[in-house]
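Step one of this worksheet: look at the structure below.
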Amino acid sequence: RQWKKNVGSCSWIPSSTHTKNYQNKNKLVSNYQFLLFSITGPIDNSDFLCPHGGVLPAKAEHVYELCVAFPQSAWNFLHSTFGGGPACSRLYECSHCREQLDALNRQKTYELETFKQLHAEFQESDSNVMNCLSSTWFKQWEQFVLGRQRDPPGPIDNASIISWRVNDRVPVLRPSADFIRVSYDMWKMFLSIYGGGPEVILRSNGTSLVVMYKPGNQNSQAASTKNHRLRSTSESTISTTVSSTTTSKI
Numbered sequence: 056r057q058w059k060k061n062v063g064s065c066s067w068i069p070s071s072t073h074t075k076n077y078q079n080k081n082k083l084v085s086n087y088q089f090l091l092f093s094i095t096g097p098i099d100n101s102d103f104l105c106p107h108g109g110v111l112p113a114k115a116e117h118v119y120e121l122c123v124a125f126p127q128s129a130w131n132f133l134h135s136t137f138g139g140g141p142a143c144s145r146l147y148e149c150s151h152c153r154e155q156l157d158a159l160n161r162q163k164t165y166e167l168e169t170f171k172q173l174h175a176e177f178q179e180s181d182s183n184v185m186n187c188l189s190s191t192w193f194k195q196w197e198q199f200v201l202g203r204q205r206d207p208p209g210p211i212d213n214a215s216i217i218s219w220r221v222n223d224r225v226p227v228l229r230p231s232a233d234f235i236r237v238s239y240d241m242w243k244m245f246l247s248i249y250g251g252g253p254e255v256i257l258r259s260n261g262t263s264l265v266v267m268y269k270p271g272n273q274n275s276q277a278a279s280t281k282n283h284r285l286r287s288t289s290e291s292t293i294s295t296t297v298s299s300t301t302t303s304k305i
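So the sequence shown is numbered by my numbering: it starts at 56 and just counts up by one.
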């Protein structure tokens, strides 16, 4: 109650008088914290400021809804009472973060367009050998390139679609695994960008081949995998009615 009284006694600038350039005598505080009026920890302006001190590009268009201006005296009181920050006296979009965001968007477009092209080629091909990709991982990638998820997926994780044969501990495609079928070129695209594994190959006769990559050596092993795709080593017969799909929402 006391700090509310002290802040209230300070002359401050209402949000309705926001301008694009604040004078240095005014400080900005997260509107979220201020409107709650129940700060229980340090001031946190990270919901609209990047680590470089500028406005996050994704928040630039509506940044005036995210902060409120205070005179220096009010800021000094809040900062001395709660700490935190960072202090902000002017709003500008961070050019460094903008470059990173633009590069990320270009990467999303490249991945999505390349996938669409390779998927169309895969639909028209008559290849009897396909790669398997965990549906869980693919959905994370799909959400990322479509802009529904901010962060990219981690390395490919096909661990959920394989199992180990009891008699010889050989990795095989797990019956009833939830996966999508992709071409070898599509698999190579994903692997070159995200790494991970293992590579799971499915043949038209219902046999599978699981290639376990050594850490940090996915790309070189993937390049040589093509020469081993018809080998019978680590081969296992599985049900040809395994749940899978070749159709993507993309």
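Every residue gets a Cβ at the ideal spot worked out from N, C-alpha and C, and that includes glycine.
Span separating the alpha-carbon of residue i from that of residue j
i      : j      : result
Ile235 : Ser189 : 6 Å
Arg224 : Asn213 : 17 Å
Thr136 : Tyr249 : 45 Å
Pro208 : Phe199 : 7 Å
Ala124 : His174 : 51 Å
Trp196 : Ser144 : 38 Å
Pro230 : Asn260 : 15 Å
Glu116 : Gln162 : 23 Å
Ser182 : Cys122 : 57 Å
Closest by C-alpha distance to residue i, when choosing among the options
i      : options                           : result
Tyr239 : Gly209, Ser150, Glu254 and Ile217 : Glu254
Met185 : Glu148, Arg258 and Met244         : Arg258
Glu154 : Val265, Leu111, Ser101 and Asp102 : Leu111
Ala232 : Ser247, Leu246 and Ile216         : Ile216
Ala113 : His151, Gly96, Pro126 and Pro141  : His151
His107 : Gly252, Ile256 and Glu148         : Glu148
Leu156 : Arg205, Leu167 and Gln172         : Arg205
Ile256 : Ser247, Gly96, Asn131 and Cys187  : Cys187
Val265 : Ser218, Leu246 and Ile211         : Ser218
Asn131 : Tyr119, Ile98 and Val118          : Ile98
Extent of the continuous alpha helix (DSSP H) to which residue i belongs
i      : result
Arg224 : Element bounds for Arg224: n/a, residue is neither H nor E.
Glu179 : Ser150 to Glu179
Asn131 : Gln127 to Phe137
Ile313 : A query on residue 313 cannot be resolved here, the shown segment of the chain reaching from 56 to 305 and no further.
Val118 : Premise fails: Val118 is in no alpha helix (DSSP H) and is neither H nor E.
Val200 : Ser190 to Val200
Exposure label - residue i; buried when at least 16 CB within 10 Å
i      : result
Leu146 : buried
Tyr165 : exposed
Met241 : buried
Pro226 : buried
Leu159 : exposed
Trp192 : buried
Leu228 : buried
Gly138 : exposed
Lys243 : buried
Ser101 : exposed
First and last residue of the uninterrupted beta strand (DSSP E) at residue i
i      : result
Val265 : Thr262 to Val266
Asn100 : Per DSSP, Asn100 belongs to no beta strand (DSSP E) and is neither H nor E.
Val237 : Phe234 to Val237
Ile216 : Per DSSP, Ile216 belongs to no beta strand (DSSP E) and is neither H nor E.
Within-8 Å CB hit, residue i to chain C
i      : result
Val227 : The structure shown has no chain C; it contains just one protein chain.
Rounded distance between the beta-carbons of residue j and residue i, thought under 8 Å
i      : j      : result
Pro141 : Leu104 : 6 Å
Met267 : Gly251 : About 12 Å; that fails the 8 Å criterion.
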